[in-house]
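These notes are about the structure you will find just below.
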Amino acid sequence: MQNDDKLIYTIHGSLKEDVGFSKILSDYFRLNLSLKENLRTWASVDSHFESYNKLGAVRILNQDVVENLFSFICSSNNNIIRISGMVEKLCKIFGTRICAIEDQEYYDFPTIEALSKPNVEFNLRKEGFGYRAGYISKSAQKLLSLGGKKWLLQLKKENGTTYESAKESLMSLPGVGPKVADCICLMSLGHLEAIPVDTHIFQVACTNYIPHLSKQSNVTPKINQEVSSYLRRLWGPLAGWAQAIVFCMKINSSNSQNRKRSIQQGRKKSTKITKVK
């Protein structure tokens with residue numbers, strides 16, 4: 001829970017000693033970076049930026065790299081509700097039970113070892129994961145052959161790996177394309193210059209920055225590179241964070257438009273029924 005400038009939290013479990021939860025939360029929410037300063041910087045270099053920041057505050061979470069990798073593999077050609085359901089199933093089937101709070105059971109995210117077992121793809125296909133089941137299983141197996149989580153962690157910026165090298169390494173895993181690799185670089189490896197280019201960011205780029213791309217219907221790897229390079233030059237070393245603000249603005253705007261559409265359609269149906277009566 002957030003109260004003004006304080007973050008209030010409760011720990012459930014049986015740990016008897018402090019393991020540095022305040023630092024863990026500070027790292028997770030990246031509280032060492034000033035959002036206000038960044039917003040001023042982006043607005044000073046981009047005349048469009050003030051119109052993007054409708055939500056007040058968007059933070060890039062510093063997420064566990066294994067959890068992030070497999071969650072984004074689930075995101076391929078998928079929507080948020082289904083992705084959330086798949087991640088929940090992954091935890092429930094292959095993860096370790098943590099605790100139960102108010103009759104709700106919670107599970108840890110499965111390890112790479114758990115996801116590399118022979119029956120994983122078969123079981124996930126039964127659960128409706130489709131072709132993503134194969135990507136999850138094969139990526140886990142390849143990761144183990146490369147060194148497991150240690151291999152992923154050495155791709156972090158703090159360990160001296162460049163963004164370009166980290167992205168290229170991630171794309172060697174089954175089911176990881178340019179966008180997913182950028183998401184992992186941005187949200188788990190400290191490469192805050194990484195810009196995942198999806199349809200929302202592509203539309204903004206076409207409208208406000210690179211109009212000649214508006215004739216293109218698909219975000220090809222070449223277009224992905226052109227858009228991300230342009231925005232990185234514009235927004236600077238924390239460009240990925242700026243992208244997240246634009247992305248949230250577009251999602252919020254789309255949801256608002258969909259709600260208005262639903263209300264208008266409901267009114268039309270109501271009018272037709274009244275006329276029939």
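Numbered per the UniProt record's numbering, the sequence shown spans residues 1 to 277. Heads up, the beta-carbon is just placed ideally off N, CA and C, and yes, glycines get one too.
E105: member of the beta strand (DSSP E) spanning Q104 to Y107, first to last residue. In the same chain as A205, and ignoring 5 residues on each side of it, the C-beta atoms closer than 6 angstroms to its own belong to V227, in chain order. DSSP places L192 outside both helix and strand once states are collapsed to three, so it counts as coil. Residue V66 holds the alpha-carbon nearest to the alpha-carbon of A114 among H191, L238 and V66. Counting C-beta pairs closer than 8 angstroms gives three or more between the segment 53-60 and the segment 240-251, which meets the contact rule.
The beta-carbon distance between I201 and Y230, rounded to whole angstroms, is 11 angstroms. This is too long to meet the 8 angstroms contact definition. If you keep only unbroken alpha helix (DSSP H) runs of at least 4 residues inside the segment 101-156, you get 112-115, 120-126, 132-146 and 149-153. Around the C-beta of T207, fewer than 16 other C-beta atoms lie within 10 Å, and the residue is accordingly described as exposed. In chain order, A181 and C185 place their CB closer than 6 angstroms to the CB of K167, counting only its own chain and leaving out the 5 sequence neighbours on each side. K222 sits in a helix when the DSSP states are folded into three classes. F70 is the residue among F49, I101, S188 and F70 whose C-alpha sits nearest the C-alpha of G95.
For R233, the number of other beta carbons within 10 angstroms of its own is below 16, and it is reported as exposed.
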